[in-house]
Each structure stands twice: as C-alpha cells, then as structure tokens.
Amino acid sequence: MSVLKTEEMILNMGPQHPSTHGVLRLELELDGELIIDVKPHVGYLHRCFEKHCEALTYPQIVPYVDRMDYLAAMYNEFGYAVTVERMLGIQVPERVEYIRVIMGEFQRIASHLVAVGTYGLDIGAFTPFLYCFRDRERILSLFEMTCGARLLYNYIWVGGLSHDLHPDFLRLAKEFLPDFKNTLSELNNLLSYNKIFTERTANVGVLPLDTAINYGVTGPNLRASGLKWDLRKDDPYSIYDKFDFDIPVGQGWYGTVGDCWDRYYLRVLEMEQSVKILEQALVQIPDGNISEAIPKRIKPPEGQIYTRVENPRGELGYFIVSKGGLQPHRVKVHAPSFIHLGLLGELCKGHFVADVIAILGSIDIVLGEVDR
Amino acid sequence: MMIYDFFISIFHNELIAAFLNSIIPVAFIVPFALFAVYLERKVSAHMQDRLGPMRVGAHGWLQSFADILKLLQKEDIVAAKADKKLFNIAPVLTFVGCYAVFAVIPFSSAYIGANLDLGLLYIVAVSGFVVAGILMAGWGSNNKYSLFGAVRSAAQIVSYEIPTTLVIITIIIVTKSLNLYDLSVNQTSNMFNWMIFGGYVEGWHKIALIPFMFIGFIIIYISTLAEVNRTPFDIPEAESELVAGYHTEYSGMKFAMFFLAEYANMFAVSAIVSAIFLGGFQSPFGYLGSTLNLPWLIPIEQFFWFASKGIFFVFVQMWLRWTLPRLRVDQLMAMCWKYLIPIAVVNLLIVALIMVL
Chain E
2 MSVLKTEEMI LNMGPQHPST HGVLRLELEL DGELIIDVKP HVGYLHRCFE KHCEALTYPQ
62 IVPYVDRMDY LAAMYNEFGY AVTVERMLGI QVPERVEYIR VIMGEFQRIA SHLVAVGTYG
122 LDIGAFTPFL YCFRDRERIL SLFEMTCGAR LLYNYIWVGG LSHDLHPDFL RLAKEFLPDF
182 KNTLSELNNL LSYNKIFTER TANVGVLPLD TAINYGVTGP NLRASGLKWD LRKDDPYSIY
242 DKFDFDIPVG QGWYGTVGDC WDRYYLRVLE MEQSVKILEQ ALVQIPDGNI SEAIPKRIKP
302 PEGQIYTRVE NPRGELGYFI VSKGGLQPHR VKVHAPSFIH LGLLGELCKG HFVADVIAIL
362 GSIDIVLGEV DR
Chain B
8 MMIYDFFISI FHNELIAAFL NSIIPVAFIV PFALFAVYLE RKVSAHMQDR LGPMRVGAHG
68 WLQSFADILK LLQKEDIVAA KADKKLFNIA PVLTFVGCYA VFAVIPFSSA YIGANLDLGL
128 LYIVAVSGFV VAGILMAGWG SNNKYSLFGA VRSAAQIVSY EIPTTLVIIT IIIVTKSLNL
188 YDLSVNQTSN MFNWMIFGGY VEGWHKIALI PFMFIGFIII YISTLAEVNR TPFDIPEAES
248 ELVAGYHTEY SGMKFAMFFL AEYANMFAVS AIVSAIFLGG FQSPFGYLGS TLNLPWLIPI
308 EQFFWFASKG IFFVFVQMWL RWTLPRLRVD QLMAMCWKYL IPIAVVNLLI VALIMVL
C-alpha cells in the first residue's frame, strides 16, 4: 500500500499584503498551518540612498535621510546632524539641543504609536489603531506648525535647525502630554491587558537574549529580551544626560521574557518615558539663537566616523568617510529594521501562519529603512 | 389571520400565494442589509472617535446605495485558472443557505414563511449550505488565501454547530416542541415567560431553570458569533492574515452577494437567538393593540419587537467587532471543544434532570 504523498505548501505573502507593513515579500513554507521556514525578500523599495549621498553635499543629504525610516524622520536627521557635527567639531547652542530632544522624543512617541496601533490591527483590533493615529495626528500637527511638513521634515540641520519653534508650540505641546497619558491608559485597558490579545501574543515568537545579541538586535526588541541597553544612557549624545528617565526592560509579564507581548508592551512603556523626558525638556528649554552655529560651508577633514543614536527602532548608526571634499566619499547606514528583519525566520519556525503576522508586527520594521 | 391565508383569499391559488409568501423576507433582508452596512459604519466610526460617512446624503445615509451602485458597475472578474462553475455557484449558494433559514423564523404572529414542526432542526440543517458555499468559493477561486479561509471557515462553522445544537436540544427538552412559531407564541407578551427566565414551565422548575437558561443563552450567542464569522471569530476572513479569506477573488455583484449573505446571516442568527430565548416577536410588556382593542395593530407591534430585538443583537455583534481582537485558529477550536461543548453538555444534562424531577 502506497503512503499518501504530502508536500509543503509555499505561500507567497506580499509584496501586496495588508500586514507586511510595506512592500515586503515573505515566502512561507507551510505544513498545513505550521511554518517550516520564512524567507523575507527585500529590495522592492531600494532607492540607492547610500550611493546617492556620494554625489550630494552634506546639507543636501538631510532630506534623503528623512526618507529612510519615514516614521521617524526627525530622529534620522538628528542622528545625521550629530554625526556630521562630530566630524566638524561643532558645538551647537543649548536651545538647539533642547529642541532636537523635544522633536526626537515626540517623534519616538509618534513612531511607537504607529507600531502599537498597527500591531493591534494585525491582531485584529481595529479601534486602538485609530485611537493611536488620532494622537499621532496631534504630534504631526505640532511638527507641521514648526517646519511646515508632517512626515518628511528637513528640519534638523547640521549645526542647527531650519526654523525656531512656533510661539504657540510650547503651550500646545504641554497641553498634549496629559491628554496623551489618558490615551495610554485607555490603550492599555482596551488592548494591552485584553485576554484575547495576551493569549495571541504572550509566549509567541520568544527571542532569547543570547540570540538577540548574536543577531545584533538593538532598541526595544533587545530591551524586551531583558538587556538594559539604551544609547541615550549608554553612549550619550546631545543632552540626554540632563534628563531623568528610566529604561524599561522586558520581564515576561504574561509569558516568557522576549515574547511578542513584551516587545509590544515595552513600546508602551517607552512612550511613558518619552513623556517624562518631554515634561522636563518643555519646562527647561532656554532662549537662544538656533542658527548661529550653522556652518556656511561644510567641509569635514579627511577621516571616518561612526556615530550611533537610539532611534525608535534601535541603534541607527551613520558611518561616513570623508576625503576632505564637500561631498562624503562613502555613507553607510546601520539600519535597525534591516537587522531585525533577519530575525523573522528564526522567530517564526514552528508557529502558525497567524503568528507570522503577530511576530512581524512585534519587531516593528519600516521597509523604507530596510531597503534604503 | 396569517399573511398566507390573506394571499389565498385574494388570488384563490396556492401557488401564487406560496410564491408571494416566500418573497416577503427579501423585502425585509435587502433593506435591512443596506441599513446594517450603514449602521456598521456609523457604529464603528463613533466608537473610533470619527464621523464615518458624511457626504452622501445627510449624515451619509445614502452611502449604502452608493456602494451598491458602485458594485453594480464593477467588472465581474473570474480568474483564468478558477473553477468557473464552483466559483459562480458559491455566492448564490451561500446566500440561499442563509435565506432558507428565514423560512422558519416567525416575523410576527401573522407571518412565518413555513410553519414547520421541525423548525429548529431545519435551521441546523440548512445553515450547512453556507459551509458548502464557502468551501466552493475557497476551492473554486484557486487562490491559496481563499482556500485557507474556506477550510478554516468550514472547520469553524462545523465545530460551533455542536454547542448551538446542544443548546437547541436543551430548549427542546424544556418546550417539548421543535416548532419556532409555537415557541414564540407560547412565550407570550410577558417577559417572565420568556425562555431566558425559565420559559412557560410551571412551579419550582421555572426558578431552577433560570441560571441554566442564562448559561445556554451565553453559549448559543458565542457560537452564533462564530457561525457568522464575526469578531473575535472572524478568522476565515482575517484581514491581516488572509487578505479577505474565501471572497478574496470576488468582485462586483458576486462580492455583494457574499456581503448581503453576511449581513442577512447576522440578522438570522440574532433572530433565532431572540426567538429561542427572548420571546421572538413578543413584546416584553403587553400590546397597545390589546389595550386599545385594535387587533390589527398587534402583528405590526410584534414585527416592531422582532426587528428591534434582531437589530439590538446585530448591534452587539458590531460592538464586539470594534472592541475585541481576533483569536487564533487553534485557540478558537480550543474554546469550542474544551469549554463550550462540555459546558453545553453538562447544562443539557442538568436541564434534563430538572425536567424529569
């Protein structure tokens, strides 16, 4: 008697799929509903950012870095500005540093709101997504009032900023924070502690700490696995050492340390810490001239530099080689999303198809940064 | 007087009367579906701090008509590699499955499509057509996502029919009748005679039955949610995983058929739950018609109560959909087989014991 022949099914998920968070294509090898292997195919959004930079002057690169991680454009500019300033040895005025931190933390909240909201959407809860986007809109309006753009800002320049704050900015920003705290507790009650949500995410896609370190994971995903590693504290840049804030780490609240729920909830906790930083920064911000340190001509000395900042997704690093000209000789970006995407196959093995979505959402990638 | 008898008195022909009698639910379902689509949009919008459709007509009340108009104009695409016969039959069969259920639902004391003595079993039987339609759609589309959705859906509906049927058997033990019309009539216009309050049983049995009737009500409501693929059990059409499940490949009016079937089904299960547990078309506190001595008013009032109970449960379904996340397919099965079925069986045994004593 012959044995019934069975074979694995190949399911092509994306590039047009509602939950791949952009143009990502996943090749799933399935045994029924069980995942045998996941192969991510990237490159649908490749725009040759790094090669383009070699033909651009340093200030011209700023709008290009916006388009990498388009959900955290402010932070990309922040990192780039810090890198080039270190090459030039520029000290920027204190007001500029404060505004950068304020914008950076608002951007972190906005970015995490998208991550948390779309994660709820991936699990099937539609309403928290719109609550998150409602509050993100308010942050984007603050950005718009400052620099005229809602998504891609070209705001943080090397040595300074394109505009000073709008006169109403501080008042509106201070009004936003208490409302936002309410949203967070609402979000927790509606989604985070929901029984169905915890069942779907706890103990799913567990990322052990040693695997995380081996893969070079950074940011919230690493902290969810239990390591207290945040570049704002561990490799300080700008004026983060002036603020009092904590670094939350994953504790396996509902399951194992480093599962999807930890990664999700860590972002909620990080938003609370960002609010804490903002509350201090919005009060302490000094007066000053925001454009006095902007150089007329940016021509860094020959050499190379690697500078990293803690962007909402992890360690965003800029490696710039200068041959002493007006244009960089080589620019390479250490993109956290790209590195985290490599984890997907490791995390998904042995889970169900529905868990692929849960895991992909929890590592929070932005395809603009994966492909650059 | 039943509407069927009324038709006979006009046409003196049973065939015409039966035909007209069977068309009446359409006149209710289609406007209801249009209204329910609009309601779903408005309910979701207000739960999510937005306004919803506002442009087509005042507060967007014409939005559903605009949608239907759009769907009518759409190209009817059949994928080249699809199994055309199955692909074309599936939406019709799905709709027929849920339309057939309306045959035994009493709309008021003056209207029931077919006064079957086997009404409750008939419902369990014909709702199987929906599964067949969904499986045909998934297989016929020749699309892996559709197939996934269809297989999940079939497994889910078949599994959740068991707790539904167990609760229905519980009811049969108490009422000793399978006829939905009699069931509704016997529950009378006093809400304490409704099945959820122990029904029209006499003596201490009634008091003893109340908690078990509540349990039965909760079980049947949860399982009907799963049977109509609504959140938190909307796994067959889980948007974030399976795009649109078994109707991914459908467009135009065939898609509209699935859509219509979904909303008709939502109302059908709500109507069944209310017919079984909440008195069906009966008013909770007497009739204006009997107070004013206007007997023709009573059926109209009954239809009002029937529709409002149905729409209330449809609203609860929407409320759940826009609040809860979605279960995973194995958790869904675990919930059915590990919790609902054992509880339903124990509930059945206890109710049987009470009725024997």
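Chains as they are written, first to last, in our numbering: chain E, 2 to 373; chain B, 8 to 364.
Positions of the beta carbon are idealized from the N, C-alpha and C atoms, including for glycine.
Secondary structure of Val-131 of chain B (DSSP, three-state): helix. Counting C-beta pairs with one atom in each stretch, the region 119–135 of chain E and the region 329–337 of chain B have three or more that are closer than 8 Å, which means they touch. Using a Cβ-Cβ cut-off of 8 Å, Val-336 of chain B counts as an interface residue toward chain E, since at least one Cβ of chain E sits closer than that to its own. Secondary structure at Val-111 of chain B: helix, using DSSP grouped into helix, strand and coil. Setting aside the 5 residues that flank it on each side, Tyr-45 of chain B is surrounded in the same chain by Trp-68, Gln-70 and Ser-71, each with a C-beta closer than 7 Å to its C-beta; the list follows chain order.
Under a criterion of Cβ atoms nearer than 8 Å, the residues of chain E adjacent to Gln-55 of chain B are, in order, Phe-127, Thr-128, Leu-131 and Tyr-132.
In summary, Val-4 of chain E is exposed, with fewer than 16 beta-carbon neighbours lying within 10 Å of its beta-carbon over all protein chains present. The contact set of Asn-190 of chain E on chain B, defined by CB atoms closer than 8 Å, is empty, because the minimum CB distance reaches about 11 Å. Beta-bridge pairing by DSSP links Asp-288 of chain E to no other residue.
Restricting attention to E:Met-10, E:Lys-40 and E:Lys-6, the CA atom closest to the CA of Pro-16 of chain E is found in E:Lys-40. Closer than 8 Å to the CB of Gly-121 of chain E there is at least one CB belonging to chain B. At a cut-off of 4 residues, the continuous stretches assigned as alpha helix (DSSP H) that sit fully inside the region 195–245 of chain E are 196–202, 210–215, 220–225 and 232–235. The secondary-structure analysis by DSSP pairs Gln-305 of chain E across a beta bridge with E:Val-322. Three or more pairs of CB atoms, one per stretch, sit closer than 8 Å, so the region 274–284 of chain E contacts the region 243–258 of chain E. From the listed residues B:Ile-229, B:Gly-287 and B:Ser-277, the smallest Cα separation to Phe-320 of chain B is found for B:Ser-277.
Chain E has a Cβ within less than 8 Å of the Cβ of Pro-332 of chain B. Within chain E, no residue has its CB atom less than 8 Å from the CB of Pro-60 of chain B, the nearest being about 15 Å off.
By the Cβ test, the region 130–148 of chain B is in contact with the region 82–102 of chain B, since at least three Cβ pairs between them sit closer than 8 Å.
Proximity to Leu-152 of chain E across E:Leu-348, E:Asn-290, E:Val-269 and E:Arg-137 peaks at E:Arg-137, based on C-alpha coordinates.
Not a single CB atom of chain B sits nearer than 8 Å to the CB of Met-272 of chain E. Those residues of the region 195–224 of chain E placed with their C-beta closer than 8 Å to a C-beta in chain B are Asn-195, Ile-197, Phe-198, Glu-200 and Arg-201, ordered along the chain. Within the same chain, Cβ atoms closer than 8 Å to the Cβ of Gly-259 of chain E are found at Val-207, Leu-208, Pro-209, Leu-210, Ala-213, Ala-225, Ser-226, Gly-227, Gly-251 and Gly-253, the five residues on either side in sequence being excluded. Per DSSP, reduced to three states, the secondary structure at Phe-240 of chain B is coil, with no helix or strand assignment.
A Cβ of chain B is located within less than 8 Å of the beta carbon of Met-10 of chain E.
With fewer than 16 other CB atoms across the displayed protein chains lying within 10 angstroms of its CB, Gln-80 of chain B is exposed. In this structure, the CA atom of Leu-185 of chain B is about 6 Å from the CA atom of Ile-179 of chain B. With fewer than 16 neighbouring CB atoms inside 10 Å of its own CB, Phe-311 of chain B falls in the exposed class. With respect to chain E, the C-beta atom of Lys-88 of chain B has no partner C-beta closer than 8 Å.
The beta-carbon distance between Pro-221 of chain E and Leu-89 of chain E, rounded to whole angstroms, is 31 Å. This is too long to meet the 8 Å contact definition. Its Cα nearest to that of Leu-232 of chain E, the residue E:Gly-80 stands out among E:Gly-80, E:Gly-351, E:Pro-94 and E:Glu-293.
With its beta carbon at least 8 Å from every one in chain B, Glu-316 of chain E lies outside the interface. For the set B:Ala-110, B:Ser-134, B:Phe-114 and B:Phe-155, the Cα lying nearest the Cα of Leu-123 of chain B is the one of B:Ala-110. Taken through DSSP and simplified to helix, strand or coil, Asn-13 of chain E comes out as strand. DSSP places His-335 of chain E inside the beta strand (DSSP E), whose first and last residues are 331–335.
Interface criterion not met: the Cβ of Lys-49 of chain B is under 8 Å from no Cβ in chain E. The distance from the Cβ of Pro-60 of chain E to that of Asn-290 of chain E is about 19 Å, inconsistent with a contact at the 8 Å cut-off.
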